[in-house]
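These notes are about the structure you will find just below.
Number of protein chains: 2
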Amino acid sequence: MNISEASKASGLSIDTIRFYEKAGMLPAAPRDRRGWRVFNADAVEWLRNLERLRATGMPLANVRRFAVLVHAGDAAAVSGTAERLTILRRHQLRLADRQNELDACKTYLAHKISVYEAMEAKEQ
Amino acid sequence: MNISEASKASGLSIDTIRFYEKAGMLPAAPRDRRGWRVFNADAVEWLRNLERLRATGMPLANVRRFAVLVHAGDAAAVSGTAERLTILRRHQLRLADRQNELDACKTYLAHKISVYEAMEAKEQ
DNA sequence: CGCTTGACCTTGAGCAACTCCAGCTTGTTA
DNA sequence: TAACAAGCTGGAGTTGCTCAAGGTCAAGCG
């Protein structure tokens, strides 16, 4: 799978994928003989995870730290479990905040839209 | 009400309020004799609206356009209703996307966290 | 009455996280 | 063999804040 397919499959733009690679958020993609990046199913799955975390506001620095822990060898796979849990649990809390913001905005929009609709109806 | 009180009441940082004023997203705040900005209840309510829209990802350019329409005179208050509705309805759609992203991430986190918890339990 | 303090002011630089662009390489297709 | 499509790199540009330096001014204290 090339980068444009990986982009479509993950929801990240091509530029963003290259940027993430350079930023150490994914293991450097292997290349074909032309020098093009090749993505397998695992790589794409990881891109999707990155997209989820970033879309919901996890800072790059945290995502990078999580990435390093996930892609480290077996030794780190053990020793880093606690830290990974910490990062993910902190993000769960952030999601709750986001949900509140979303709900507040939903309410605001519903209200304002009904006001403007009433104004339009009266004008006409 | 001074800027630090307005900041606490709206959830925007002091710097952000000044930045929004300069960016034309709020009517230039009146000043007291020292040159300090003064915010009344309406101004703070508007800051809260800005906070809701931005926290949920409306681009500055759209917020600014909405702000201009809202704070224009009576003539524009009539003629701009349709455009305001358009802006807000578009944002409602964006909220639905955000909700989906949030839910997807929630699921992912719940799954990953349970996996890591199982690993921790086994280690110990 | 002078001095310090604290909260605000402005201007401008810095930063995060992309996004876009110019110019180059390479397999394929006509 | 020339053109094309898709990728590559390095670097500049954009958005939306955030921070820092240096300045003003009313109020309180000695």
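Chains A and B supply the protein sequences, listed in that same order. Number 67 in the working numbering belongs to position 67 of the first sequence; there are no gaps in the numbering. Each position in the second sequence, counted from 1, maps to that position plus 1000 in the working numbering. For each residue, glycine too, the CB sits at the ideal point set by N, CA and C.
Item: N- and C-terminal bounds of the alpha helix (DSSP H) containing B:N1049; Value: A1041 to A1055
Item: Same chain only: Cβ atoms within 6 Å of A:V68, ignoring 5 sequence neighbours per side; Value: none
Item: Within chain B, the residues that A:N49 reaches when beta carbons sit closer than 8 Å; Value: Y1108
Item: Proximity winner among B:N1002, B:H1071 and B:G1011, relative to B:G1024 (alpha-carbon distances); Value: B:H1071
Item: B:H1091 at chain A interface by Cβ criterion, 9 Å; Value: yes
Item: Other residues of its chain near B:Q1099: CB distance less than 8 Å, five sequence neighbours each side excluded; Value: none
Item: Opposing strand residues paired with A:R37 [DSSP bridges]; Value: A:R31
Item: A:E51 versus B:E1101, B:K1022 and B:K1122, residue with shortest Cα-Cα distance; Value: B:E1101
Item: Continuous alpha helix (DSSP H) stretch holding A:A6: start and end; Value: I3 to S10
Item: Environment of B:A1006 [buried if 16+ CB atoms lie within 10 Å]; Value: buried
Item: CA nearest to the CA of B:L1109, picked from A:I17, A:G80 and A:I87; Value: A:I87
Item: Other residues of its chain near A:N62: CB distance less than 7 Å, five sequence neighbours each side excluded; Value: I87
Item: Closer than 8 Å at the beta carbon, the chain B residues around A:Y116; Value: T1081, R1084, L1085 and L1088
Item: Whole-angstrom distance between B:M1058 and A:A55, CA atom to CA atom; Value: 14 Å
Item: Per-residue burial, A:A96 [other beta carbons within 10 Å of its own, 16 or more giving buried]; Value: exposed
Item: Secondary structure of B:A1023, DSSP reduced to three states; Value: coil
Item: Three CB pairs or more closer than 8 Å across the stretch 1012-1022 of chain B and the stretch 1106-1122 of chain B; Value: no
Item: Among B:L1053, B:A1009, B:L1060 and B:D1032, the one whose alpha carbon lies nearest that of B:A1043; Value: B:A1009
Item: For A:M119, three-class secondary structure by DSSP; Value: helix
Item: C-beta neighbour in chain B for A:A41, strict 9 Å; Value: no
Item: C-beta contact flag for B:R1048 and B:V1038 at 9 Å; Value: no
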